[in-house]
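Report on the following structure.
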Amino acid sequence: MQRIIRAILVAALLLGTVVISQAQDKVSRKSPLMPEQLQELRREWGPFVGPWVRYEKNPIIRLEGKETYSIQNGPQSVIRWKDKWYMFLMTSQPMVTKLAVSEDGLEWKRPHHNYLLKPEIPWEGSYNLVKAAVVMKDKVWLYYFGKRDKRESIGLARSGDLVNWEKEPKSIFTSNDSRIDGTRAFPGCVIKQGNIWYMYYDVGWDYHHPKNPDGYAIGVATSKDGIAWFDSPKSPVLTTSERTADSWDDGMVSQCSVHKIRDWYFMLYSGGTNNHGRKYSGKNRMAFGLARARHPEGPWQKYSQNPVFKPTGNEDDFDGIYLQHPCPVKVGDQWRLYYNGWTLNPEAKNAIGAEYTIGLAFAKDFVAGQLTK
3 MQRIIRAILV AALLLGTVVI SQAQDKVSRK SPLMPEQLQE LRREWGPFVG PWVRYEKNPI
63 IRLEGKETYS IQNGPQSVIR WKDKWYMFLM TSQPMVTKLA VSEDGLEWKR PHHNYLLKPE
123 IPWEGSYNLV KAAVVMKDKV WLYYFGKRDK RESIGLARSG DLVNWEKEPK SIFTSNDSRI
183 DGTRAFPGCV IKQGNIWYMY YDVGWDYHHP KNPDGYAIGV ATSKDGIAWF DSPKSPVLTT
243 SERTADSWDD GMVSQCSVHK IRDWYFMLYS GGTNNHGRKY SGKNRMAFGL ARARHPEGPW
303 QKYSQNPVFK PTGNEDDFDG IYLQHPCPVK VGDQWRLYYN GWTLNPEAKN AIGAEYTIGL
363 AFAKDFVAGQ LTK
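Each residue of the sequence shown is one higher than the one before, counting from 3 in the working numbering.
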């Protein structure tokens, strides 16, 4: 009986994949751009508009050891520090933060399976998961979240050796601090412009809430020191699109990464649809969108041809059905995009029959000088 139920669920999931894939293709299908057209487009919308080319050796990080379901990066989890690349990983079953190291950002090693952070403070509840990392002189600051009861909140930990971590004793930001309705607050990315820090975050509802996951929105908080945060009166700065037959992010927007390039701020974000009246399943409907603004607090304008990066649509691919956590990183003149892929896997070591792994894509033929003021 369990096998029959699982087969029905998988069939329904795949049917939803086809429906949303066709809708997204209708929005974004167009003739290939000529080089001069692509150059002009990038002058207006920057390198994140793509096209993005998947790395031939994907996935670059897989499940190891006792990990059974998910290995994920965050929207700002890759850093260059002390002549090496580091990626902070979120795993589930168990839900902990781990580490990957690389010489070139392409080939990654897992030096150990030690937990970088452990829940030790009452507000953290049962886990610590890192989504954003910032290099501050000789230290690394990690913005993470923990969960107690049905409420996720954001914390901060700092270290000079990635072994010993000093935590702020209290949560630095909760859903109660936000103007967005919800019980879950997650860090997205943290940037500093002049003397002001900006933290982009998501707020939404717990898994068992009737509104989950519809209603997730992106807000921004400001700080003078990266520790004490205050919600911007402009929050939320990015919300779901109006629901139409072709909309792709009318259910939720979340997990953003923001970079300043010349006079523009460009945001990559995860978006999903609620499938127009049918119950949202999420796992086959997430892709990446692009938005831009002149100021960190907005107003933000979405790119008209979103999404800019989609699942392949092939369930045999690690990123065939679902994408999450866009993490763009500039290496020389090249932009790289680290991201999570989700797909079905009958050999997965879990009852769901699916896995998360981490992949990489490159902005094709992008030259930094193409973007002008």
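Note that beta-carbon positions come from the ideal geometry of N, C-alpha and C, so glycine has one too.
Just confirm the distance between the C-beta atoms of PHE268 and ARG294, as a whole number of angstroms; I'd bet it's less than 8 angstroms. Taking the sequence shown and counting its residues from 1, one reaches residue 268 at position 266. Taking the sequence shown and counting its residues from 1, one reaches residue 294 at position 292. In this structure PHE268 touches ARG294 by the C-beta definition: roughly 5 angstroms separates them, less than 8 angstroms.
Contact the stretch 149 to 167 vs the stretch 177 to 194: 3+ CB pairs below 8 angstroms: Cβ pair count under 8 angstroms is three or more, so yes.
For GLN303, I'd like the list of residues in its chain whose CB is within less than 8 angstroms of its CB, leaving aside the five on either flank, ordered along the chain. Mapped onto the sequence shown, residue 303 falls at position 301. By the criterion of a C-beta distance shorter than 8 angstroms, GLN303 is surrounded in its chain by ALA293, ARG294 and ALA295, once the five residues flanking it on both sides are discounted.
CB contact flag (LEU362, LEU339, <8 angstroms): Position 360 of the sequence shown holds residue 362. Position 337 of the sequence shown holds residue 339. Their beta carbons are under 8 angstroms apart, which means LEU362 touches LEU339 by this criterion.
Terminal residues of the continuous alpha helix (DSSP H) containing ARG44? For the purposes of this step, residue 44 is taken as the residue at position 42 of the sequence shown. Residues 37 to 47.
Can SER249 and SER256 be called in contact, C-beta distance under 8 angstroms? In the sequence shown, the residue the question calls residue 249 occupies position 247. In the sequence shown, the residue the question calls residue 256 occupies position 254. No; because the gap between Cβ atoms is not below 8 angstroms, this pair is not in contact.
Could you tell me whether the Cβ atoms of GLY322 and PRO328 are closer together than 8 angstroms? Counting from one through the sequence shown, the residue named residue 322 turns up at place 320. Counting from one through the sequence shown, the residue named residue 328 turns up at place 326. In this structure, PRO328 does not lie closer than 8 angstroms to GLY322 by Cβ.
Suppose you measure from the CA of TRP83 to the CA of TRP143; what does that come to, to the nearest Å? On the sequence shown, residue 83 is found 81 positions in, with the first residue counted as 1. On the sequence shown, residue 143 is found 141 positions in, with the first residue counted as 1. When rounded, the distance between both Cα atoms is 12 angstroms.
CYS191 - partner residues in DSSP beta bridges: Taking the sequence shown and counting its residues from 1, the one referred to as residue 191 is at position 189. Partner(s): TYR202.
Compute the distance between the beta-carbons of GLY107 and ILE263, then report whether it is under 8 angstroms. Mapped onto the sequence shown, residue 107 falls at position 105. Mapped onto the sequence shown, residue 263 falls at position 261. ILE263 is positioned such that its CB atom lies no closer than 8 angstroms to that of GLY107.
What is the DSSP secondary structure of SER72, counted as helix, strand or coil? Sequence index remark: in the sequence shown, residue 72 carries index 70 (1-based). The three-state secondary structure of SER72, taken from DSSP, is strand.
Given ASP233, which residues of its chain have a CB within under 6 angstroms of its CB, disregarding the five upstream and five downstream residues? One-based indexing of the sequence shown puts residue 233 at position 231. Closer than 6 angstroms at Cβ, skipping near neighbours: ASP179, SER180, ARG181 and ALA223.
Flag this pair as yes or no: are the beta carbons of CYS191 and PRO298 separated by less than 8 angstroms? Indexing the sequence shown from 1 puts residue 191 at position 189. Indexing the sequence shown from 1 puts residue 298 at position 296. Going by C-beta atoms, CYS191 is not nearer than 8 angstroms to PRO298.
Whole angstroms are fine: how far does the CA of PHE50 sit from the CA of LYS366? The residue given as residue 366 occupies position 364 in the sequence shown. The residue given as residue 50 occupies position 48 in the sequence shown. Distance between the alpha carbons of LYS366 and PHE50 is about 10 angstroms.
With a threshold of 7 angstroms on Cβ separation, who are the neighbours of PRO61 within its own chain once the five nearest residues in sequence on each side are excluded? By one-based count along the sequence shown, residue 61 stands at place 59. Cβ within range, chain order: PHE320, GLY343, THR359, ILE360 and GLY361.
Figure out for me which residue from ARG287, MET97, GLY228 and SER94 has the closest Cα to the Cα of ASN197. Along the sequence shown, one-based indexing puts residue 197 at 195. Looking at the Cα atoms, GLY228 is the closest of the given residues.
Please name the residue or residues paired with PRO330 in a DSSP beta bridge. Translated into positions along the sequence shown, residue 330 becomes position 328. For PRO330, the pairing in a beta bridge is given by DSSP as LEU339.
SER177 by DSSP, collapsed to three states: which one? In the sequence shown, counting from the first residue as 1, residue 177 sits at position 175. In the structure shown, SER177 sits in a helix (DSSP, three-state: H, G or I).
Since TYR267 is in the beta strand (DSSP E), which residue starts that stretch and which ends it? On the sequence shown, position 265 is the one that residue 267 refers to. Where TYR267 is concerned, the enclosing beta strand (DSSP E) stretches over 266 to 274.
Burial state of HIS114, where buried means 16 or more other Cβ atoms lie within 10 Å: Residue mapping note: residue 114 aligns to position 112 of the sequence shown, counting from 1. Counting every other CB atom within 10 Å of its CB across the protein chains shown gives HIS114 a total below 16, marking it as exposed.
For TYR71, collect the residues of the same chain with a Cβ closer than 6 angstroms to its Cβ; drop the 5 residues on either side in sequence, then sort them by chain order. The residue you call residue 71 lines up with position 69 of the sequence shown. Result list for TYR71: SER94, GLN95 and ASN352, in chain order.
Assign VAL132 to buried or exposed, taking buried as 16 or more other Cβ atoms, counted over all protein chains shown, within 10 Å of its Cβ. As a working mapping, residue 132 is identified with position 130 in the sequence shown. Flag for VAL132 reads buried.
Contact check, TYR203 vs GLY221 under 8 angstroms by CB: the rounded distance? Residue mapping note: residue 203 aligns to position 201 of the sequence shown, counting from 1. Residue mapping note: residue 221 aligns to position 219 of the sequence shown, counting from 1. That pair is a contact at about 5 angstroms.
Would the beta-carbon of PRO124 fall within 8 angstroms of that of ASN130? One-based indexing of the sequence shown puts residue 124 at position 122. One-based indexing of the sequence shown puts residue 130 at position 128. Taking 8 angstroms as the Cβ cut-off, PRO124 and ASN130 do not qualify as a contacting pair.
From GLN39, GLN41, TRP54 and LEU101, pick the residue whose C-alpha is nearest to that of VAL310; which is it? On the sequence shown, position 308 is the one that residue 310 refers to. Answer by Cα proximity: TRP54.
Unbroken beta strand (DSSP E) run spanning ARG153, endpoints: As a working note, residue 153 is residue 151 in the sequence shown. In this chain, the beta strand (DSSP E) harbouring ARG153 covers 153 to 161.
Limits of the beta strand (DSSP E) - the one that PHE50 falls within: For the purposes of this step, residue 50 is taken as residue 48 along the sequence shown, with counting starting at 1. Premise fails: PHE50 is in no beta strand (DSSP E) and is neither H nor E.
Beta-carbon within less than 8 angstroms of LYS86's beta-carbon, same chain only, minus the 5 sequence neighbours each way: which residues are those? Numbered from 1 along the sequence shown, position 84 holds the residue referred to as residue 86. Excluding its 5 nearest sequence neighbours in each direction, LYS86 has C-beta neighbours in its own chain below 8 angstroms: VAL103, SER104 and GLU105, listed in chain order.
Roughly how far, in whole angstroms, is the beta-carbon of GLY300 from the beta-carbon of VAL260, given that I think they are within contact range, below 8 angstroms? Residue mapping note: residue 300 aligns to position 298 of the sequence shown, counting from 1. Residue mapping note: residue 260 aligns to position 258 of the sequence shown, counting from 1. Contact flag wrong, Cβ pair sits at about 11 angstroms.
Continuous beta strand (DSSP E) assignments of at least 3 residues falling wholly in the stretch 65 to 125: For the stretch 65 to 125, whole beta strand (DSSP E) runs of length 3 or above, ordered along the chain, are 72 to 74, 80 to 83, 86 to 94 and 98 to 104.
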